[in-house]
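In our numbering, the protein residues as written are 215 to 677. Glycine is no exception: its CB is placed at the ideal position from the N, C-alpha and C atoms.
In structure tokens form, the structure reads like this:
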């Protein structure tokens, strides 16, 4: 889990916005290039002006150059941050749309057995994937570029000090490798615990009326608290690893700063180095250590992003309900034939329907009656293609249900559900839901035909 190859799954999304990503990279790299000369100029100010000539003219000249570079860096950074935010927004929402589309196409025998809050947790992960990915990839390129330019400049100035800094860099990665044991596995536990807690939250909110009626508040809170405590425990463990990782790296950073001061001080006392060059080295080494710290941390961060990608793609790569169903109902249903249909829900022991046989022809009116639990609603779900028989066949116009595209089937079936669910929007929106070829005028004609005008007129906002 957390394999970096998971990043390749996002290639279609990145390609769609590749031009925007290109401008993000160019703007950030430009900002990095502009900032590179600043430490060198500051060193020149120290040696040439503050210690040397003490010329106000040269001092203001150097300050002016630095000010211009800072202004350019500021403007380019604002543009790059805006473009990066735009890229993150597009990619995360595109991924969220694809995931919602996939979930709506999953078979009911799966959706009926997964907690809705768990699905919501996966959908929520989409927003973090794009932002983390953009931050990590762009940050990696920029920090590598910063480190290379800074090291090159330092070697050009003084190879002894530059070598000292260069030798310290591998220690960052050793520290990270030691501190990072178990990090990826714990991230997976945190994500899973968070999704389970979201599912519990959703269940409580969704069933709040029943909880009140059954006086089940204490029981629900106890379940919620248990899962919350598990999330806290796994999160604290992850935080402990990250704290050790961060402080170990900071310790190496402090050691590097001290070594530079030690060697620079010796060289300055011997007259082989200047205070200005020490200032330059200190600033460049700060950039290098900052870049190395980011690069050292990017591995765990990318692994967390990869885990989120894998968890989201568990759903995206599932077979949807129409996989392999290439038969389409292109004409009206003339007959429905059930042959030895047996069905039970996935987690049930007993069959709901057992060897059911009947035939309905066009024009016939059929009443299906029976006590609660005998399978009336289940039969309707089977006929509408929400579920498929575990044995036997359902034939529409002599086409087997298991081969029929479910959307083409439902286009020819009208259902009034016993469980009424109102979508957000107007009355008209709910009436026209799924009826793309119908308009308001069609609904108004139907209202007149059914003599429903008095009822509609009593609604506060009408249709």
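Check: Let me check understanding here. Comparing Cα to Cα, which of 603, 634 and 599 lies closest to residue 626?; Outcome: 599
Check: Using CA atoms only, rank isn't needed, just tell me which of 416, 377, 446 and 440 is closest to residue 401.; Outcome: 446
Check: What is the rounded straight-line gap between the Cα of residue 385 and the Cα of residue 462?; Outcome: 10 Å
Check: Does the distance from the C-beta atom of residue 477 to that of residue 375 stay below 8 Å?; Outcome: yes
Check: Who does residue 608 pair with in a DSSP beta bridge?; Outcome: 552
Check: Would you kindly report the start and end of the unbroken alpha helix (DSSP H) that includes residue 267?; Outcome: Segment: none, residue 267 is in no alpha helix (DSSP H) and carries neither H nor E.
Check: Whole angstroms are fine: how far does the CA of residue 592 sit from the CA of residue 568?; Outcome: 12 Å
Check: Using a Cβ-Cβ cut-off of 8 Å (strictly less than) and excluding sequence neighbours within five positions of residue 441, which residues of its own chain qualify?; Outcome: 407, 410, 411 and 414
Check: State the start and end residues of the unbroken beta strand (DSSP E) segment that holds residue 570.; Outcome: 567-575
Check: At the level of alpha carbons, what is the spacing between residue 451 and residue 490?; Outcome: 45 Å
Check: For residue 674, count neighbouring C-beta atoms within 10 Å of its own C-beta (all shown protein chains included) and say buried if the count is 16 or more, exposed if not.; Outcome: exposed
Check: With H, G and I counted as helix, E and B as strand and the rest as coil, what does DSSP make of residue 424?; Outcome: helix
Check: Three or more beta-carbon pairs under 8 Å between the segment 234-250 and the segment 290-302, yes or no?; Outcome: yes
Check: So is residue 360 buried or exposed if we call it buried at 16+ other beta carbons inside 10 Å?; Outcome: buried
Check: Considering only residues of the segment 331-370, which uninterrupted beta strand (DSSP E) runs meet the minimum length of 3 residues and lie entirely inside it, listed in chain order?; Outcome: none
Check: In terms of alpha-carbon separation, which member of 421, 263 and 253 lies closest to residue 329?; Outcome: 421
Check: With DSSP as the reference, please indicate the residues paired to residue 614 in a beta bridge.; Outcome: 609
Check: Which residue wins for smallest C-alpha separation from residue 623, given the options 319, 630, 610 and 635?; Outcome: 610
Check: Express the C-alpha separation of residue 313 and residue 427 in angstroms, rounding to a whole number.; Outcome: 36 Å
Check: Could you spell out the range, first to last residue, of the alpha helix (DSSP H) harbouring residue 242?; Outcome: 232-249
Check: Where does residue 557 sit, in a helix, a strand or coil, going by DSSP?; Outcome: strand
Check: With H, G and I counted as helix, E and B as strand and the rest as coil, what does DSSP make of residue 632?; Outcome: coil
Check: CA-CA distance, residue 434 and residue 453?; Outcome: 28 Å
Check: Please list the terminal residues of the continuous alpha helix (DSSP H) segment that includes residue 668.; Outcome: 667-671
Check: From this set, 642, 497, 327 and 501, which residue's C-alpha is nearest residue 253's C-alpha?; Outcome: 497
Check: CB residue 519 to CB residue 347, shorter than 8 Å?; Outcome: yes
Check: Between which two residues does the alpha helix (DSSP H) containing residue 457 stretch?; Outcome: 431-483
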